[in-house]
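Protein chains in written order, with our numbering: chain A, 1 to 634; chain B, 1001 to 1634.
Number of protein chains: 2
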Amino acid sequence: MGKFSINPIYKKCCKTDISKIELFNLELSIFVTIFTFLEKLIIMTIKERIAKLRLVMSDKKINAVIIPSSDPHLSEYIADRWKAREWFSGFNGSAGTLVVTKRKAALWTDSRYFLQAERQLKQTNIRLMKMGLSDTPDIYDWIFINTPENGVVAFDGECLSSSIVKDFSAKFSKKEIRAVSDFSLINNIWENRPEISNNNIFSLDLKYCGKSRASKIKDLQNYLIDNNTEAIILTALDDIAWTFNLRGSDIKYNPVFISFAIITKEKSYLFTNKSKISEKDYAELAFDNVEIQNYNNIYFFVIEANYKSVIVNTDKINYRLFNTLNECSKIIDSKTIPTLSKAIKNEIEIGGMKNAHLKDGVALTKFFIWLEKTLEKRDTSELEITEKLQEFRSQQSEFIDESFSSIVGYKGNGAIIHYSATPETNATIKKDGFLLIDSGAQYLDGTTDITRTIHLSTPTEIECRDYTTVLRGHINLAKAKFPYGTRGSQLDVIARMPFWENALNYGHGTGHGIGCFLNVHEGPQSIRPQENPQIIEAGMITSNEPGIYIKDKYGIRIENLILACESEKNDFDNFMNFETITYCFIDKTAINKNLMLPNEIEWFNNYHKQVFDLLSPHLNTEETNWLKQKTSEL
Amino acid sequence: MGKFSINPIYKKCCKTDISKIELFNLELSIFVTIFTFLEKLIIMTIKERIAKLRLVMSDKKINAVIIPSSDPHLSEYIADRWKAREWFSGFNGSAGTLVVTKRKAALWTDSRYFLQAERQLKQTNIRLMKMGLSDTPDIYDWIFINTPENGVVAFDGECLSSSIVKDFSAKFSKKEIRAVSDFSLINNIWENRPEISNNNIFSLDLKYCGKSRASKIKDLQNYLIDNNTEAIILTALDDIAWTFNLRGSDIKYNPVFISFAIITKEKSYLFTNKSKISEKDYAELAFDNVEIQNYNNIYFFVIEANYKSVIVNTDKINYRLFNTLNECSKIIDSKTIPTLSKAIKNEIEIGGMKNAHLKDGVALTKFFIWLEKTLEKRDTSELEITEKLQEFRSQQSEFIDESFSSIVGYKGNGAIIHYSATPETNATIKKDGFLLIDSGAQYLDGTTDITRTIHLSTPTEIECRDYTTVLRGHINLAKAKFPYGTRGSQLDVIARMPFWENALNYGHGTGHGIGCFLNVHEGPQSIRPQENPQIIEAGMITSNEPGIYIKDKYGIRIENLILACESEKNDFDNFMNFETITYCFIDKTAINKNLMLPNEIEWFNNYHKQVFDLLSPHLNTEETNWLKQKTSEL
């Protein structure tokens, strides 16, 4: 959404009839022609940029350059200023690392982006390295092999984590390869590199946060006292936004602002652009003993401060900043300060998240009514749906933005896990087959993330088996009871059991943490096969999103958010369970009830009753009747 | 059971009638009186031994002594020579560490042994430290607090692993506490300390091993070549027995022999008592280029060899031996060489294990017939059953010994997880309530480990719920399909799901690896909640033993061994499943069929059909008819 500048043409077609859709398709085909031309232009440009980079490498006697997909905060989503890998390769997936040597160039990305990267790297002479395949070399092994003894590997130390640099430096040392971290070349080569946005930072009201900034800072200061440590350096943007009860809009979808922060026992320092803060907020921050410093001043400040002991998250602190600390006597590596406190939502945040999901459920109900009506009259498309989703959500109070780029995948496109429709791929949607819609929003009171898959005609037996399996996996996790102390890697299996029984599986995790009017992905908890020592604590909100993907045919995913709660305590254990806090009907078209267990059907009917009871007061009579039918008992 | 010398009296009663049982009970009561007197004597002795130890500590200016439960091979079961903790404390559970300071003495053990340790430490002035309880201090924290600055903590460096010593030394250094590892004091204080047994070592025929000694050594040598390393030092007794296709009887229940081994690219060294090896085996070993060295020579040998690079398992190498290596330039820590190869059974071993289980199933069927008949006539007891189990097993071909001390727990005793009946605790068994029997055997062709719980009258509703829950957990794991790459901590949940649904749980793991005519517990795989990075490989045999324990009422556990196998491969994944290789009926008395799912009932009926088909050819007509009824469909 908004990623492609077709909105002006497109918006005209939204309140449309069939003839307008034909016009829209015509315009779209013109657009595709232009797009193809632009793509050729991009290939030429990419080759020139790499050539220019190699000239500089040659001048400076550099053998290889690493260009990753990250910012100085190791963020998942990044601002344009740090999209160097995209600028040099043309590949714009969210994950990928480019390596350029004197003669070779290669880009590593994961299975979510194989198709997209193949297309975008075509003819650029950049080799695609498919991560996770057995014959794909590890990135640092490849660099090691392709760099001569005593060679030089350069990178921007601000954009790689200290833990990664530590790992590959150890490897490189076996060939006396030097890792040079002050690679600012990109600034010289990258003309018109975007600046950091100057968007406002704003205070989030206590009625949304539930805990004051002063109180959060006090907790961190108590932690410092308990651990006899001088300072905590906060580097993750969502940790900073949460701690200071501030929000921004420097990164699309993530309401954060580019900053660092330091908490000492006496006072706090926030490193960001002063001009982004209103006078009122500035005064309030000062009242809470928070001093504002320039963003770039962090490095100098840390050197000057010369802390004898600090707490940092070595996965989230960039190498350059970590290096300024190296003289310190004691560095405590914590993955959970304050990430764990942020993940355990307080009562106000839980209330806000539920309210946000209520609004989201109303918006989605109206959207699905629109979709059904539209398909009765005419075809639609993935892009039109993407637009419509935002339109319905933006009618809800306190709506700010989408929480990520919507995934609207029709038939085969639904099987591409991180698909995002483009004018090129945009599928026409008819009354046939599966349509997968994964979308979410940022409201002032909470963040949403929901996936529904609907079948638009009569499903086949195998489609029903697959859909019912996904639903059963989803229900199994939603209704799970488990002892306190259980980790996400254990819970992941609960969702997968119905899949494994049928020799099915899915290649992604079952659940990720989610922020409260913050990032749609957050830690420390996760529900996935890979081990993560973090146990599930009451108050954590995690997604529940099993899926099935049949290449070129369809993708099915059903996603709600689940809140971990304390349940019964007895002689055996202290048990916990989940409360589902996403409220939207789940399509019944492709359910084969015979494959479901009685307690699964019971959960489903209860959930649908709850959805109806919560949403109907916010719907008109026609909408209420429609939802009544959609949520009727199995 | 050989552990208590009551066998001579006891054996007389075995082929008995009711009057003989009364005689047996009388004899037993006399025995209990003697036992109580002996116990008082033991308390006095313990106090004297600790006092003597403190004198030596005082002389040598030692502030604390650590006396663990392990041998120089960090074995789970140990020979009498290394039972120093038992000698000094009187507590004879399999796990526990005694610490003695100038004024205090404390013994740490886990929940399996709380009751037993409470009883055995009574009046000894040794404080019981219940591990796992929130108010119990960590053992090394406690030593740290109870030792003055610059103090000395002594221990036998041969009986603690290098990784443990490394951990606590780091902690102690904060108070400048010295950890002294040459604590041979025990030798001086411990009069008549048992010697290492002189029992024979014997070759295990290729028809049982399936892979020659030469070929196993070659594999290790190839591993050395691939990793450019000079030597592998084998320290775990079962790893050595497996690698050299040799067995012994130095440790009760475990057919291993006290030894170390070193494999280099050119030759192998086995450090053990030469006199234990027959001339024929000696010649064969020499033919395979295996040199025999004296057991105690290992330390000197390693110093002399001065390897530049070695592979060891730091959890299984004792601190003294590890310390002799410290000058080496490169120590590779491997938890899986050759432990992983040993765990992945070859076709011959799998065939042997299945055959051993067939014999075990025949023995158990005969035993359960005896039990049923006996209970129709008279009461029996836990100790009589323990004896009878061995009697029936010993009638089977290639029987060597039990594989562990049988757990026969009637009613409340069944709730004590590692219970072993003693004359003191020996319960009289009537036709009422649950009886739990966990036992196993060593046959030349394989090792068995099986638990059955039978109900001896009419179970209550709650007893049926509990029994059916355990059975469902067992079945869920037995019939699980899962993708290649799955770890045991993920599979553990599959067995627990029926428990968690009912807010039930059990405090032990679901499964452990098992050797082939080797230790009843072996790694590297496990099926338990704790993370273990080892994935389940085809050919691994693991136990499947969920349970429920109701204090003072009953324990229910159902245990079979399961063999991991390759199953179907498709576009989603390469799937695996389990084949159950224990063949014995599962008591139906306490099953509530209404609580079971159709596919669980199907598994159960199929399993019972298989048990009947496999065992009946080895039973007489009466036995066959009995089994027919026990294995009839649910």
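Think of the CB as a built atom: it goes at the ideal place given N, C-alpha and C, for glycine as much as any other residue. Given the structure is predicted, the values throughout are model-derived calculations rather than measurements.
Straight-line Cα distance separating residue j from residue i
i         : j         : result
A/Thr264  : A/Ala231  : 4 Å
B/Ser1005 : B/Pro1423 : Annotation note: pLDDT 32 at B/Ser1005 (below 50); position unreliable, coordinate value reported separately. Spanning the two alpha carbons is a distance of roughly 10 Å.
B/Phe1183 : B/Ala1095 : 21 Å
A/Thr380  : A/Ile429  : 5 Å
A/Asn620  : A/Ala441  : 23 Å
A/Asp492  : A/His418  : 20 Å
B/Glu1633 : B/Lys1388 : 29 Å
A/Lys628  : A/Asn289  : 54 Å
A/Tyr208  : A/Leu477  : 29 Å
B/Ile1177 : B/Asp1573 : 54 Å
B/Lys1102 : B/Lys1174 : 21 Å
A/Lys630  : A/Tyr549  : 25 Å
A/Gly523  : B/Tyr1253 : 47 Å
B/Ser1403 : B/Gly1248 : 14 Å
B/Cys1584 : B/Asn1605 : 13 Å
B/Gln1390 : A/Pro546  : 50 Å
A/Glu463  : A/Gly409  : 16 Å
A/Asp281  : A/Asp205  : 11 Å
B/Tyr1010 : B/Ile1400 : Because the pLDDT of B/Tyr1010 is 34, which lies under 50, any placement of that residue in the model is unreliable, and the number read from its coordinates should be weighed accordingly. So the two alpha carbons sit approximately 21 Å from each other.
A/Lys411  : B/Ser1341 : 46 Å
A/Ser169  : A/Ala179  : 6 Å
Sequence-distant residues of the same chain with beta carbon closer than 6 Å to residue i, five excluded per side
i         : result
A/Ile78   : Asp71
B/Ala1286 : none
B/Gln1120 : Gly1090, Phe1091
B/Ile1066 : Val1099, Phe1155
A/Phe244  : Arg213
Contact set for residue i: own chain, Cβ-Cβ below 8 Å, skip 5 residues either direction
i         : result
A/Trp635  : Absent from the model: residue 635 of chain A. The displayed extent of chain A is 1 to 634, so no value can be given.
B/Thr1486 : Ile1535, Ile1536, Met1576
B/Leu1561 : Met1353, His1357, Thr1448, Asp1449, Ile1450, Ile1514, Ile1541, Thr1542, Ser1543, Asn1544, Thr1580, Ile1581, Thr1582
A/Arg465  : Asn502, Asn592, Leu595
Partners in chain B for residue i, counting only beta-carbon separations shorter than 9 Å
i        : result
A/Phe575 : Trp1500, Ala1503, Asn1505
Residues near residue i in its chain [Cβ-Cβ closer than 7 Å; skip 5 each side]
i         : result
A/Ser75   : Leu237, Ile251
A/Asp432  : Leu456, Ser457
B/Ser1334 : Ile1311, Asn1313
Partners in chain B for residue i, counting only beta-carbon separations shorter than 8 Å
i        : result
A/Leu639 : Past the boundaries of the shown model lies residue 639 of chain A; chain A is included only from 1 to 634, so the question cannot be answered.
Amino acids of chain A, ordered along the chain, whose beta-carbon sits closer than 7 Å to that of residue i
i         : result
B/Lys1481 : Trp500, Glu501, Ala503
B/Asn1570 : Ala503
B/Pro1529 : Gln490
Residue i, DSSP secondary structure in three states
i         : result
B/Asp1315 : coil
A/Pro483  : strand
A/Lys130  : strand
A/His418  : coil
B/Lys1330 : strand
B/Met1667 : Because chain B spans 1001 through 1634 in this model, residue 1667 of chain B falls outside it and cannot be assessed.
A/Leu204  : coil
A/Asp438  : strand
A/Val493  : helix
A/Asn577  : strand
A/Ile251  : strand
A/Thr598  : The sequence given here has Pro at residue 598 of chain A, not Thr. Helix at A/Pro598.
- Identify each residue in the stretch 1484 to 1503 of chain B for which the Cβ-Cβ distance to at least one residue of chain E is less than 9 Å, and report them in chain order. Given the protein chain composition of this structure (A and B), no chain E is represented.
- Task: Taking only runs that begin and end inside the stretch 1334 to 1409 of chain B, name each unbroken beta strand (DSSP E) of 3 or more residues, in chain order.
- Result: Qualifying beta strand (DSSP E) stretches, in chain order: 1399 to 1402.
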